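Before any comments, here is the structure.
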Amino acid sequence: MSKPTTMQTRDTKAPTRETRRPAGLFASGFALFTAVLWGGNNVSIKIALERGSPLQIGWIRFVLGAVATIAYMAVRRESFTVSRHEVWPLVAVGLMFSVQLVFMNIGQDLTTAGHGVALHSTMPIWAATISMLFIPSDRLTRWRVLAMALSYVGVLAVVFGDTGANEAGTTVLGDVLSLISAILLGARTVMISIYAQHVSEAKLMLGQLVIGTVLLLAGSYVFETPTYTTDGSFWFALAYQGFVIAGFGFLATAWLLKHYLPSTVTFYFFVQPVAGVTLAWLILGEDPGRGLIAGVALVCVGALLHSGESFLKARRVAQG
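According to the working numbering, the sequence shown is numbered sequentially starting from 739.
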């Protein structure tokens, strides 16, 4: 009985040694590839919403993602048993994920895919800002203030200055809900980075998918009147959301956040709005207006400044 007590004393008095390191060449390329895939997420949601409702496509996406995650865990022979210390991280991440996805899907239903991906791509700013609350050494610098100012101006340009937004595709409410979703996603990114130090990243992903399925399935039948279709584009879009994003995308991001410093991983997500707006133009025929283009550019520059400073600092510290 004395040994556990000793360990607990050490944990409370001594800081935990940081095992995460700056992203190297492979991790950087992998993060960049993952960010491009995430750029297609809002486009696939918009396609699915043409045949389904927000909560409905949410829980179906979760089920498909859970299938991919279970397969991943089975191949790796990971345990599905939940220990007592894992309960709260799984519940917390699952609840945050469910709420975030509700805001994202409803917001995307009320705005264009281009607007959705541009606003959603402010996530690195929110993630880095929120992380400062939990990492004392992560200070607010003049470059970060400038980065946040540029990103905020970019958000205003997207919401209020997009001349290409058509009368049926965009609402301020949809843009606001999409922005709230980005903030919640930033918070969830920090949560996963912290919890993944003590809980398997795959188990975190499966936990949030199971909790999300239960909550959104119930919500869909309470607040919506879901209908089902055999339309190929609907199921292809859901397969992309489920297998590519909720499966591979989440697992890849969680793995990166567990093994590498968050600022050096989220740095590469600046390409997400560019990929998303391009895909929305090619697939959905959305014509980006001057406001959207300017907003995306400002968000990208803001993300580069904000995450870039953290990226360089983390690499300098790691190199001694």
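Positions of the beta carbon are idealized from the N, C-alpha and C atoms, including for glycine.
Computed from a predicted model, the values in this text were never measured in an experiment.
Are the segment 836-847 and the segment 914-922 in contact at 8 Å, needing three or more beta carbon pairs?
With a cut-off of 8 Å, the segment 914-922 and the segment 836-847 count as touching, because enough Cβ pairs lie within range.
To the nearest angstrom, report how far apart residue 864 and residue 1016 are at their CA atoms.
Numbered from its first residue, the sequence shown carries residue 864 at position 126. Numbered from its first residue, the sequence shown carries residue 1016 at position 278. Spanning the two alpha carbons is a distance of roughly 24 Å.
With distances taken between CB atoms, is the gap from residue 719 to residue 781 smaller than 9 Å?
In the structure as shown, the chain starts at 739 and stops at 1058, and residue 719 therefore has no counterpart that could be examined.
Check whether the segment 790-797 touches the segment 1018-1036, counting contact only when three or more Cβ pairs, one atom from each stretch, lie closer than 8 Å.
Touching, no.
Counting only the same chain and skipping the five closest in sequence on each side, list residues whose C-beta sits under 6 Å from that of residue 955.
Counting from one through the sequence shown, the residue named residue 955 turns up at place 217. Only 797 meet the Cβ criterion.
Would residue 799 be called buried (16 or more neighbouring beta carbons within 10 Å of its own) or exposed?
Counting from one through the sequence shown, the residue named residue 799 turns up at place 61. Buried, because 16 or more other Cβ atoms sit within 10 Å of the Cβ of residue 799.
Just verifying my parser: in three-state terms, what is the DSSP assignment at residue 933?
On the sequence shown, position 195 is the one that residue 933 refers to. DSSP places residue 933 in helix when its eight states are reduced to three.
Out of 774, 783, 764 and 766, which one is the CA nearest neighbour of residue 974?
As a first step, residue 974 is located in the sequence shown; it is residue number 236 there, counting from the start. Out of 774, 783, 764 and 766, 783 has the C-alpha closest to the C-alpha of residue 974.
Report, in whole angstroms, the separation of the C-beta atoms of residue 868 and residue 928, which I expect to be a contact under 8 Å.
Here the question's residue 868 lines up with position 130 in the sequence shown. Here the question's residue 928 lines up with position 190 in the sequence shown. About 5 Å; that satisfies the 8 Å criterion.
Count the other C-beta atoms from every protein chain shown that fall within 10 angstroms of the C-beta of residue 788, then say buried if there are 16 or more, exposed otherwise.
The sequence position of residue 788 within the sequence shown is 50, counting from 1. That one is exposed.
Just curious, the alpha helix (DSSP H) that residue 839 is in, first and last residue?
Residue mapping note: residue 839 aligns to position 101 of the sequence shown, counting from 1. Run containing residue 839: 822-847, per the alpha helix (DSSP H) assignment.
Within the same chain, show all residues whose beta-carbon is closer than 6 Å to that of residue 806, passing over the 5 residues directly before and after it, in chain order.
To locate residue 806, count along the sequence shown from 1; it is residue 68. Counting only Cβ-Cβ distances below 6 Å, and skipping sequence neighbours, we find 981 and 985.
Is residue 786 closer than 9 Å to residue 979 when the C-beta atoms are compared?
Your numbering for residue 979 matches position 241 in the sequence shown. Your numbering for residue 786 matches position 48 in the sequence shown. Cβ atoms of residue 979 and residue 786: closer than 9 Å.
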